[in-house]
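For the sequence shown, the residue numbers in the numbering used here are 10 to 236. All residues carry an ideal CB built from backbone N, CA and C; glycine is no exception. The next block holds one structure in the form of structure tokens; read it before the comments.
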Amino acid sequence: MLKLYIGNKNYSSWSMRPWVLLKQAGIPFEEINIRFDSFDAHSEFRKQIGSVNPASKVPVLDDDGLLVWDTLAIAEYLAERFPDKQLWPQSVAARARARSICAEMHSGFGALRSACPMNIEADLADAGRLIWRDQPAVRADVARIVAMWSELLQTYHGPMLFGEFGTADAFFAPVCMRLKSYALPVPAAITDYIQRLSALPGVKAWIDGALAENDFRDFEEPYRLQR
Ligand SMILES: N[C@@H](CCC(=O)N[C@@H](CS)C(=O)NCC(=O)O)C(=O)O
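Printed below as a string of structure tokens:
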């Protein structure tokens with residue numbers, strides 16, 4: 010059975026992507042949670058993940074002893090391993106676009122990611138208003154996401170970015186969580202997509218897990234003293 014090593018569901022945006030992809034695609038796997046205590050060299054997290062992944066990060070996929078780490082590599086591996094699940098779109102053109110936006114996510118949107126770390130459980134609308142007012146780079150990241158999603162939803166007619174659910178939706182699921190927690194202003198069509206995505210059983214299962222976690226990690230939350 011596949012094993013997926015992940016961090017805290019409330020905070021670990023990179024872990025969310027392959028977990029949601031596997032779950033929503035109906036691929037059986039065992040999850041192994043490694044709690045974020047801190048990312049210091051001597052932390053328990055580092056000790057545990059370091060014994061599995063030389064890069065010392067989650068997520069990591071273990072397929073019967075074959076280790077695959079880094080979300081893009083995991084997504085490509087799953088698409089090859091489970092071709093019948095059609096994790097990428099079927100047409101060459103759509104597949105190229107889906108890969109492009111996943112790569113753009115993987116290496117970009119730094120302003121949004123650093124100003125608005127994923128925190129599924131929290132209502133951070135007040136922090137979001139200040140971030141929106143003061144950080145033009147965050148506004149630019151959100152504008153790019155809105156333009157990208159709007160165009161894809163129009164081209165492929167929804168309900169997901171390329172019609173049916175796939176890797177691209179899994180890659181942007183944590184962005185949906187951020188837009189929601191920080192209540193960043195987006196057009197109605199984008200809010201509707203966020204709602205549709207959040208309601209998918211695989212995504213909802215991750216959100217429910219995050220809400221049930223009850224594990225306040227202060228180093229992940231520069232803006233709050235407690236839950
Ligand atoms: N490029 C990696 C990023 C993975 C990553 O940064 N994971 C975070 C948790 S969400 C982590 O393990 N951080 C530990 C650290 O930085 O020491 C991927 O796509 O999987």
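Quiz item: Below 8 Å, can you find three or more Cβ-Cβ pairs linking the stretch 118 to 136 to the stretch 177 to 191?
Solution: yes
Exercise. Answer yes or no: do Leu-96 and Thr-176 have a C-beta to C-beta separation smaller than 8 Å?
Key: Less than 8 Å divides the Cβ of Leu-96 from the Cβ of Thr-176.
Practice problem: Whole angstroms is fine: what's the gap from Val-184's alpha carbon to Asp-79's? | Solution: 18 Å
Quiz item: Between Met-10, Ser-109, Leu-121, Asn-42, which lies nearest to Gly-74 when the distance is taken from Cα to Cα?
Solution: Met-10
Quiz prompt | Element boundaries [beta strand (DSSP E), containing Asp-71] | solution = 69 to 72
Practice problem: Have a look at Ala-197, Ala-112, Ala-182 and flag the residue whose alpha-carbon is nearest the alpha-carbon of Ser-22. | Solution: Ala-182
Self-check item: Residue from Ile-129, Phe-38, Leu-139, Gly-59 with nearest C-alpha to Ala-221
Solution: Ile-129
Quiz item: Are the Cβ atoms of Asp-224 and Asn-62 separated by less than 8 Å?
Solution: no
Quiz item: Roughly how many whole angstroms lie between the Cα atoms of Glu-85 and Arg-108?
Solution: About 10 Å.
Quiz item: If we ignore side chains and look at the alpha-carbon of each, how far apart do Ala-112 and Arg-142 end up?
Solution: 28 Å
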